[in-house]
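Number of protein chains: 2
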Amino acid sequence: MWTTEQGIDRLREAGCKITSQRIAIVRALEGRKDHPSAETIYGEVLRLHPSMSIATIYGTLKMMAKVNLVKVLSIDDRRVYFDPNTNNHGHYLCEKCGRLFDLDHIDASDLKTIRLSPDDHSSVLRFELFAYGICSSCQAGEKLKERYLG
Amino acid sequence: MWTTEQGIDRLREAGCKITSQRIAIVRALEGRKDHPSAETIYGEVLRLHPSMSIATIYGTLKMMAKVNLVKVLSIDDRRVYFDPNTNNHGHYLCEKCGRLFDLDHIDASDLKTIRLSPDDHSSVLRFELFAYGICSSCQAGEKLKERYLG
DNA sequence: TTATATGCAAAGTTTTTGCAATGAC
DNA sequence: GTCATTGCAAAAACTTTGCATATAA
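Chain order of the listed sequences is Z and G. Just so we're aligned: 149 in the UniProt record's numbering is position 149 of the first sequence, and the numbers increase by one with no gaps anywhere. Just so we're aligned: 72 in the UniProt record's numbering is position 72 of the second sequence, and the numbers increase by one with no gaps anywhere.
Here is the structure:
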């Protein structure tokens with residue numbers, strides 16, 4: 001994981017100008033373990049930066065993705081989520097409550113040898129493992145409902 | 001993989017009425033190895049069914065996903081793709097040409113034991129492995145360019 | 001000084017929805 | 001005959017774009 005300072009440096013090295021908006025966005029993402037949407041970050045940054053535009057959020061996040069400060073998760077068909085943890089790890093989406101969990105216990109290192117076919121040499125720059133299901137707390141809720149209502 | 005007849009039966013069993021539109025959509029997807037978008041299917045079905053509405057395409061595809069005739073792939077942030085091959089397999093997106101390839105050589109069976117944490121029992125109903133990179137034919141193109149232009 | 005970034009609003013894309021008419025069972 | 005489905009158009013949701021203004025370097 002990166003600090004705000006490292007994030008800013010990475011953007012500067014990529015040739016970006018360091019504006020107060022960008023600092024605020026980087027700071028909002030620093031050290032997070034969740035997977036905010038553009039809208040979520042917008043809402044948070046807006047408190048300290050009331051004139052911030054959603055277009056600036058999208059632009060900065062696109063830059064941050066380019067310099068690997070965030071990963072872009074297309075895990076559902078509604079919107080995109082941003083993950084400041086760019087280490088290899090999978091994600092689990094609960095299809096009931098919509099919460100998104102990390103799958104840190106997957107060792108995907110053996111998947112680095114992915115090939116389209118045994119003799120193909122397409123480069124695999126990154127990969128994503130998405131799992132879908134009903135999380136344990138939603139399952140508990142279902143069981144309670146069955147017990148008292150069903 | 002399923003045949004048109006099996007697909008229709010599966011929809012009927014789920015309580016759907018079998019309309020000529022649905023037959024056309026199921027037929028358009030039967031046996032495909034690619035990953036068409038709703039728009040692509042719409043374009044194809046339109047030839048034989050000129051009054052078909054895109055809303056019908058979306059509705060039928062949603063039903064087909066529910067009865068596991070297609071998988072919904074949220075592999076990029078632009079749109080959703082439909083995969084009539086519902087067997088476990090991964091996907092590879094070339095970020096240069098945008099083509100989507102199957103990864104049949106991944107044995108993901110060991111991933112069935114995915115857990116959010118060692119003692120968690122969230123159910124994993126399905127998972128998707130998405131890899132991103134530059135495919136070998138795009139790489140070849142780059143090399144040629146370098147050789148003659150760079 | 002100069003090129004890049006910002007904020008705003010408008011436009012673009014994909015997908016969903018409401019509803020009257022239609023058609024399957 | 002009944003109720004789900006269709007087609008249409010409009011709406012919704014998310015993201016991008018164009019442009020005048022502002023600002024970092």
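Glycine included, C-beta positions come from ideal geometry on N, C-alpha and C.
- Spatial neighbours of C138/G in its own chain (CB-CB distance under 8 Å, excluding positions within 5 residues in sequence) are listed in chain order as C94, K96, C97.
- Within 7 Å of the CB of S37/G, no CB atom of chain Z is found; the nearest one sits about 11 Å away.
- Using a C-beta cut-off of 8 Å, the stretch 32-45 of chain Z makes contact with the stretch 79-91 of chain Z, since at least three inter-stretch Cβ pairs fall below that distance.
- Between E13/G and chain Z, the shortest Cβ-Cβ separation is not below 8 Å.
- The alpha-carbon of G7/G is positioned some 37 Å away from that of K71/Z.
- Checking the DSSP bridge columns, you'll see D83/G partnered with K71/G.
- Considering only E142/G, A55/G, F130/G, the residue with the shortest C-alpha distance to S74/Z is F130/G.
- Y132/G reaches chain Z at V124, L125, R126, F127, E128, counting residues in chain order whose Cβ is nearer than 9 Å.
- Just so you know, the alpha carbons of K17/G and L48/G end up roughly 20 Å apart.
- Around A24/Z, the same chain offers V45, L48, H49, M52 as residues with beta carbons nearer than 8 Å, after the five sequence neighbours per side are excluded.
- Interface with chain Z (8 Å Cβ-Cβ cutoff): V67/G is excluded.
- Between R27/G and T4/G, the beta carbon gap of about 5 Å places them in contact (Cβ cut-off 8 Å).
- In the assembly as shown, S122/G is a buried residue. Its beta-carbon has 16 or more other beta-carbons within 10 Å.
- Using a Cβ distance threshold of 8 Å, L116/G and Y92/Z count as a contacting pair.
- Annotation: L69/G to H89/G spans about 15 Å, alpha carbon to alpha carbon.
- With respect to chain Z, the C-beta atom of D76/G has a partner C-beta closer than 8 Å.
- Buried is the label assigned to P36/G, since at least 16 other Cβ atoms lie within 10 Å of its Cβ.
- For I8/G, the uninterrupted alpha helix (DSSP H) segment begins and ends at 4-13.
- Residue range 100-103 is occupied by the beta strand (DSSP E) that includes L103/Z.
- With fewer than 16 other CB atoms across the displayed protein chains lying within 10 angstroms of its CB, M1/Z is exposed.
- In the three-state reduction of the DSSP assignment, C94/G falls in the strand class.
- Within the DSSP bridge table, the entry for V124/G names G133/Z as partners.
- Pairing S136/Z with D120/G gives a Cβ-Cβ distance under 8 Å.
- Straight across, the Cα-Cα distance linking N87/Z with R12/G is about 45 Å.
- Per the coordinates, the alpha-carbon of A14/G lies some 20 Å from the alpha-carbon of A55/G.
- In summary, E39/Z is exposed, with fewer than 16 beta-carbon neighbours lying within 10 Å of its beta-carbon over all protein chains present.
- DSSP, reduced to helix, strand and coil, places S51/Z outside both helices and strands of the structure shown, so it counts as coil.
- Taking 8 Å as the cut-off, the beta carbon of F127/Z is found closer than this to the beta carbon of Y132/G.
- Using beta-carbon distances, D120/G counts as an interface residue toward chain Z, with a partner under 8 Å.
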